[in-house]
Structures are given as structure tokens and as C-alpha cells.
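Chains as they are written, first to last, in the working numbering: chain A, 3 to 145; chain B, 3 to 145.
Even glycine gets a Cβ: it sits at the ideal position worked out from N, Cα and C.
Note that the structure is predicted; figures quoted are calculated from it, not measured.
Right, one structure below, let's go through it.
Number of protein chains: 2
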Amino acid sequence: MSKDLKEMEVLRQHLAKHQLKLTRQRELILTAFLRQEHVTAEVMYHQLAKKDPHLGLATIYRTLNLFCEAGIAQARHFGSQAQYDNISHKGHHDHLICTGCGTIVEFENCEIERLQEEVATKNGFVIQTHRLELYGLCSRCRH
Amino acid sequence: MSKDLKEMEVLRQHLAKHQLKLTRQRELILTAFLRQEHVTAEVMYHQLAKKDPHLGLATIYRTLNLFCEAGIAQARHFGSQAQYDNISHKGHHDHLICTGCGTIVEFENCEIERLQEEVATKNGFVIQTHRLELYGLCSRCRH
DNA sequence: TATCATCTTGAGACGGCTTATCAATTTCAA
DNA sequence: TTGAAATTGATAAGCCGTCTCAAGATGATA
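Rendered as C-alpha cells:
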């Protein structure tokens with residue numbers, strides 16, 4: 003559980019900095035969030051209904067957005083619902099998305115990231131974050 | 003206007019292939035669409051209201067989606083509304099987006115594209131399309 | 001070029017996702 | 001422990017985009 007503590011600390015500092023409070027719900031949602039790669043608010047809502055049947059969907063949305071502001075999560079729009087990705091836990095990662103079955107494969111590529119920096123610098127930008135999604139067919143869906 | 007003819011031809015072929023029809027509205031929207039880098043359906047709606055006050059918003063959405071299917075446009079979700087980018091006119095391009103002022107700078111980088119292919123192949127994918135967005139602050143917004 | 005099956009349009013209703021509202025509750029600094 | 005301030009839950013509201021359907025446009029065919 004030492005890994006979780008790191009995120010909790012990041013959250014704690016963000017809350018302190020903005021005069022926000024650490025609540026039971028926020029802890030609960032963070033813990034569950036860190037256990038997965040990417041989730042939608044609705045999925046978390048159902049997952050957590052077992053632990054706390056009164057936890058509201060609005061709270062999940064609010065909290066996931068809070069995580070984004072704290073740099074723990076990143077929102078992504080694939081399909082109709084927003085997906086929230088864990089970016090702090092295992093570092094930033096990009097996605098390969100199968101347009102056939104919806105499978106999502108994560109990857110990291112330092113070389114690409116380096117080139118991105120290069121492009122940004124050339125245009126006078128300082129990158130804060132990025133998003134790279136490759137859409138295509140996985141080997142199974144091609145047959 | 004010879005440039006526009008190329009897109010019109012692409013559209014014409016797509017329509018023929020799918021037993022769809024070339025309408026006044028589709029021509030109007032295509033012409034306007036090709037004049038800009040990226041637009042939202044709503045923006046086009048207001049732009050075109052001058053030329054055709056009865057053109058409906060639903061038609062704009064339908065037509066822009068049609069362009070996506072024809073390979074002329076690509077939809078992107080930045081903020082709450084979908085942006086439609088012109089990909090056929092000047093080839094695929096990626097985006098540098100300033101989180102301060104919203105400025106969007108286009109770029110192309112073959113080396114990055116090549117590495118993307120490499121990643122996809124390694125994972126058994128065949129890429130159909132991709133999306134790369136770099137978020138950060140432009141030089142003006144940093145001061 | 002007249003015909004007509006088929007596709008498209010426009011207007012508004014509808015639906016899904018997300019945020020806003022607000023009274024009741026919880027947090028936490030003093 | 002107290003109380004100002006933030007948060008929550010329930011639900012209403014909002015927004016974006018799609019669907020519906022009658023009226024109109026298109027284009028293959030004769």
C-alpha cells in the first residue's frame with residue numbers, strides 16, 4: 003500500500019493549498035481509482051455502491067475532476083463517456099485503441115515524448131501535458 | 003479553387019459508393035468547411051446562417067460526420083464541443099494547444115508518425131488514424 | 001425530360017452525460 | 001468543543017448531439 007500513500011500525499015497537498023478538505027468519500031474514491039488503469043465515473047459509481055450505497059454520482063464526478071486538477075488523473079473522451087486515467091501512479095502513458103472491440107492497450111515511448119518536446123520548443127510552447135491516441139484494429143479484429 | 007475540387011471529388015466518390023446524394027447543403031457546407039482549419043458545428047451554423055438562414059444545425063452535424071466518414075474531416079474533442087478538422091486538404095496534422103489562450107498551432111512530424119507505426123506493429127495493431135495533442139503554454143501566455 | 005423510389009432536410013423532441021443547486025452534514029482550525 | 005467553511009447527496013437543469021418524421025430534393029431510369 004505504500005504506492006497509494008504517494009497519491010494520497012499529492013492529494014493532501016493539493017487540498018491544503020486550495021483550502022479544501024479531506025473527506026471520507028475522497029479517500030474512498032482515490033483508493034478505488036488507483037486500482038485501475040482507466041474508468042468512467044459511472045463505472046466507479048457502481049463499483050463503489052457496494053462499499054457505500056449512498057455515494058452520489060455527482061460526488062464521483064466532482065472528485066475525479068478534483069484528481070485531474072491535482073495532477074493525479076487525466077480525463078479523456080473516447081466514445082460518449084469521459085474516461086479518467088491514472089497518470090501519477092505509473093507515469094504518463096498513451097493509448098492504442100481498437101476500433102473493433104474497444105480494447106485499450108497502454109504504452110510509453112520516450113523517443114516520441116522527446117520529439118514532442120522538440121516540436122513544442124520550436125513553436126515557443128512549454129508542454130504541460132499531452133494526449134496521444136492511436137486508433138486501429140487489433141490482430142484479433144482484423145480476422 | 004482547384005484545391006476545393008479535389009475534396010469535392012472525394013466527397014462525390016464517397017456519396018456514389020454509398021448511394022448517397024449530392025445536395026446543395028452538402029456543397030455549401032463543404033466549401034465553407036475547407037476555408038478553415040477547425041470548426042465546431044455551432045460555429046459553422048452561425049457562419050452559414052448568412053448564406054442560408056434555413057440551414058439546420060442537425061444538417062451541419064450530419065454533414066460534418068459524413069465528411070469524417072469520407073475521410074475529409076476528423077472529429078476531435080477539446081473542451082465540451084467537438085471540433086472538426088480538415089485532414090484531406092493539407093494532410094493529417096496534429097495540434098499544439100495553449101491552455102492559456104486557447105490558440106491552436108498545427109504541426110506535422112514524420113518521425114513521430116513513424117514511431118507510432120512501430121509501437122502499433124509491436125502490439126499487433128494496424129493504425130487507422132491517430133490523435134496527438136500537446137497542451138501547454140505559448141510564449142505569450144507564459145509572461 | 002418526366003417519373004418516382006430513395007435519400008435528405010429542417011424543426012423540434014429527445015436522451016445521455018455532466019454540472020448546478022441547496023439544505024443537511026462533515027471537516028478542521030482555533 | 002465550537003463554528004465558519006467546505007462537502008455531500010438527491011435531483012433538477014443544461015448542454016451537445018442524435019433521432020423522428022413529414023415535406024422536399026435528387027438522380028437513375030425510361
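Classified as exposed, L7/B has fewer than 16 neighbouring CB atoms from the shown chains inside 10 Å of its CB.
Looking at G104/B, R78/B and I99/B, the one whose alpha-carbon comes closest to that of T131/B is R78/B. Taking the Cβ atoms as the reference, D87/A lies roughly 6 angstroms from A75/A, within the contact range of under 8 angstroms. Under the three-state reduction of DSSP, N67/B is assigned to helix. Within the DSSP bridge table, the entry for I106/B names I99/B as partners. The beta carbon of I114/A sits closer than 9 angstroms to some beta carbon of chain B. Taking 9 angstroms as the cut-off, the beta carbon of I89/B is found no closer than this to the beta carbon of I99/B. Not a single CB atom of chain A sits nearer than 9 angstroms to the CB of L59/B.
Take the alpha-carbon of L68/A and the one of M10/A: they are about 13 angstroms apart. By the beta-carbon neighbour count (other beta carbons within 10 angstroms, threshold 16), H97/A is buried. Excluding its 5 nearest sequence neighbours in each direction, C103/A has C-beta neighbours in its own chain below 6 angstroms: C143, listed in chain order. The beta-carbon of G104/B is placed no less than 9 angstroms from the nearest beta-carbon of chain A. In this structure, the straight-line span from the alpha carbon of Q38/A to that of A84/A is close to 15 angstroms. Here G81/A is exposed. Its C-beta has fewer than 16 other C-beta atoms within 10 Å. Interface flag for C140/A against chain B is set, since a Cβ pair is found closer than 9 angstroms.
Listed in chain order, the non-local C-beta contacts of K23/A below 7 angstroms within the same chain comprise L17, local neighbours out to five positions each way being set aside.
Per DSSP, the beta bridge partners of T131/A are Y137/B. Boundaries of the alpha helix (DSSP H) around R28/A: R26 to L36.
In this structure, F109/A sits away from V128/B, with a CB-CB distance that is not shorter than 9 angstroms. Neighbours of H79/A in chain B, taken as residues at a C-beta separation under 7 angstroms, are given in chain order as H79. Burial state of G138/B is buried, judged by a 10 Å Cβ sphere holding 16 or more other Cβ atoms. The beta carbon of H95/B lies closer than 7 angstroms to those of E108, F109 and E110 in the same chain, with the five residues before and after it left out. Short of 8 angstroms from the beta carbon of E119/A, and not among the five residues preceding or following it, lie these beta carbons of its own chain, in chain order: I129.
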